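Beneath this line is the structure, given in structure tokens, with notes to follow.
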Amino acid sequence: MIGWSHYNPVEIHAGLDCRKEINYFLPKEEPVLIVTTKGMQDRGQLAEITNYFPLPYEVFTAQPEPDLDKLDEFYIQNKHKTFHTIIALGGGSVIDSAKALSCAFMQTEHEKPLEAWLRNKAPLPAKAIPLIAIPTTAGTGSEVTSFATIWDRQRMKKCSLSARACYAKLALLDPYFTKTLPWKQTVYSALDTFSHALETLWNKHATPLSLFYAKRALEIVMNSLHYIEHEPYDMKNRYYLQEAAMEAGIAISQSHSSISHSISYPLTLHYGAPHGLACSAFLLPIMELIIEKNAFMMPLDQDFINRMHEFLTRYKPYILIRKHCSLEEAQSKINEMFTPERAGTFVLTLSTDDVLAILKRGYELQ
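Take 123 as the starting number for the sequence shown in this note's numbering and just add one per residue.
As structure tokens, this is what we get:
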């Protein structure tokens with residue numbers, strides 16, 4: 123008998139202005155750590171969220187693609203403090219940083235916890251400080267997943283925290299925080315959602331629920347993204363993109379991502395390609411291979427497949443990636459593109475030559 127399981131403990135509140143409910147979920151008179159970016163602080167969005175709770179708080183300013191050693195450094199400097207809740211206000215890098223710190227501040231065993239977990243393979247703690255995730259982009263879905271991407275720049279490696287302790291306690295999806303997101307970042311974030319959803323459709327660990335959420339996320343992105351190009355403050359469609367990101371996040375929280383993400387990691391690490399762009403750059407040649415092999419994990423009608431193809435040819439991530447690296451540069455990192463926990467979920471068995479062909483096809487597309 124074929125079986126499957128589904129687990130996701132994140133409480134979700136969604137809708138314009140739901141940020142105003144945050145005080146309801148915070149402990150009374152207890153200090154809070156807020157993880158956010160300098161941009162969020164400069165644009166007044168940090169002040170906006172703190173308007174709604176009277177608690178003392180400290181701020182950790184996160185960087186894109188969070189660095190293992192910098193997270194450990196912050197922990198060492200502040201381990202004598204007690205935080206009862208962590209709030210992540212930002213995109214995927216912010217939420218991933220907050221997940222790492224929520225685990226770090228719960229433990230007392232390791233002087234450098236991220237180094238212990240990610241370099242020395244020590245087990246993660248079973249519990250973490252409660253995390254409230256408030257995404258300010260619509261792409262990563264990290265607010266509903268149990269993993270976080272951390273970068274070890276000392277060893278030039280991408281690492282993953284993955285444990286139930288990494289699930290947020292609460293996700294607040296308020297499109298208010300996405301309204302100032304520039305068009306390019308809006309597209310990259312939507313492409314991230316698109317990649318998560320497509321990676322579920324060709325993932326051998328897909329479940330009926332993950333496939334349902336993935337297909338729905340694809341539908342929403344294809345229907346909503348183009349409206350924002352002409353009306354940046356279209357809050358209805360910005361909300362829909364947040365919903366799609368969350369649903370695609372629920373999908374990959376079950377099956378994890380796959381070969382497209384595996385290919386993407388060295389493109390971000392070595393060439394600075396933004397994650398949403400890097401993980402979507404080769405979706406079209408991979409999809410062509412899946413269509414050729416009739417290997418989607420659920421039946422899809424031809425109209426839906428055509429619409430996915432049209433979406434990718436409209437936003438052209440396979441063209442945009444060329445601003446960051448050439449075909450020769452991408453091919454030079456081929457040995458880093460076989461991340462076992464990602465490439466291993468792909469429904470087809472691929473060789474190095476197959477991945478090289480995917481890269482070449484991506485650079486041929488116009």
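Don't be surprised by glycine CBs; every beta carbon is placed ideally from N, CA and C. Remember, it's a predicted structure, so these values are computed and weren't measured experimentally.
Between Tyr197 and Ala226, the C-beta spacing is below 7 angstroms.
Residues of the same chain with a CB within less than 6 angstroms of the CB of Tyr335, apart from the 5 flanking positions on each side, are Glu369, Ile372 and Ala373 in chain order. Taking the Cα of Ile385 as reference, the smallest distance to any Cα among Thr474, Phe147, Val266 and Ile209 is reached at Thr474. Spatial neighbours of Glu458 in its own chain (CB-CB distance under 6 angstroms, excluding positions within 5 residues in sequence) are listed in chain order as Pro388.
Here His397 is buried: its Cβ has 16 or more other Cβ atoms, across all protein chains shown, within 10 Å. By the Cβ neighbour-count rule, Arg275 is exposed, with fewer than 16 other Cβ atoms within 10 Å of its own. The beta-carbon distance between Gly484 and Ala403, rounded to whole angstroms, is 6 angstroms. This is short enough to meet the 8 angstroms contact definition.
The Cβ atoms of Ser219 and Ile208 lie no closer than 7 angstroms to each other.
Per DSSP, the beta-bridge partners of Val154 are Tyr179 and Thr207. Pairing Ala285 with Ile251, the inter-Cα distance amounts to about 13 angstroms. In this structure, the straight-line span from the alpha carbon of Leu155 to that of Ala169 is close to 14 angstroms.
Residue range Phe269 to Asp274 is occupied by the beta strand (DSSP E) that includes Phe269. With distances taken between CA atoms, Thr204 lies nearest to Met228 out of Lys438, Met228 and Val181. In this chain, Pro257 is not harboured by any alpha helix (DSSP H); it is covered by the beta strand (DSSP E) spanning Leu253 to Pro257. Considering only Asp314, Ile171 and Glu233, the residue with the shortest C-alpha distance to Asp296 is Ile171. Per the C-alpha coordinates, the member of Tyr393, Leu331, Leu478 and Leu323 positioned closest to Met278 is Tyr393. Inside the stretch 401–453, DSSP marks whole alpha helix (DSSP H) runs of 4 or more residues at positions 405–415, 424–437, 439–442 and 449–453, from first to last along the chain.
Taking all protein chains in view, the Cβ of Gln167 is crowded by 16 or more other Cβ atoms within 10 Å, so the residue is classified as buried. The alpha-carbon of Lys415 is positioned some 11 angstroms away from that of Trp324.
Collapsing the DSSP output to three states places Ser379 in coil. Annotation for Leu138: Asp296, Pro297, Tyr298, Met357 and Tyr361 place their beta carbon closer than 7 angstroms to its own, counting only its chain and skipping 5 residues before and after.
Residue state for Ser284 is assigned as strand, using DSSP reduced to three classes. Excluding sequence positions up to five before and after Lys455, its CB lies within less than 7 angstroms of the CB of Pro388 and His392, all in the same chain and listed in chain order. Bounds of the alpha helix (DSSP H) holding Ile198 are Leu190 to Asn200.
About 5 angstroms separates the beta carbon of Val132 from that of Val266, a gap short enough to meet the 8 angstroms contact definition.
Considered as a whole, the stretch 272–349 harbours 279–284 and 292–295 as its complete beta strand (DSSP E) runs of no fewer than 3 residues, in chain order. Remark: C-beta atoms of Cys281 and Ala270 do not approach each other more closely than 7 angstroms.
In the pairwise beta carbon analysis, the stretch 442–450 is classified as not touching the stretch 335–351: fewer than three pairs are separated by under 8 angstroms. Residue burial is scored here from C-beta neighbours: Arg436 has fewer than 16 other C-beta atoms within 10 angstroms and is therefore classed as exposed. For a cut-off of 8 angstroms, the C-beta gap from Ile272 to Pro188 is around 6 angstroms, short enough to register as a contact. Around the beta carbon of Met420, fewer than 16 other beta carbons lie within 10 angstroms, which makes this residue exposed. Counting along the chain, Glu463 sits inside the alpha helix (DSSP H) bounded by residues Pro462 to Ala465.
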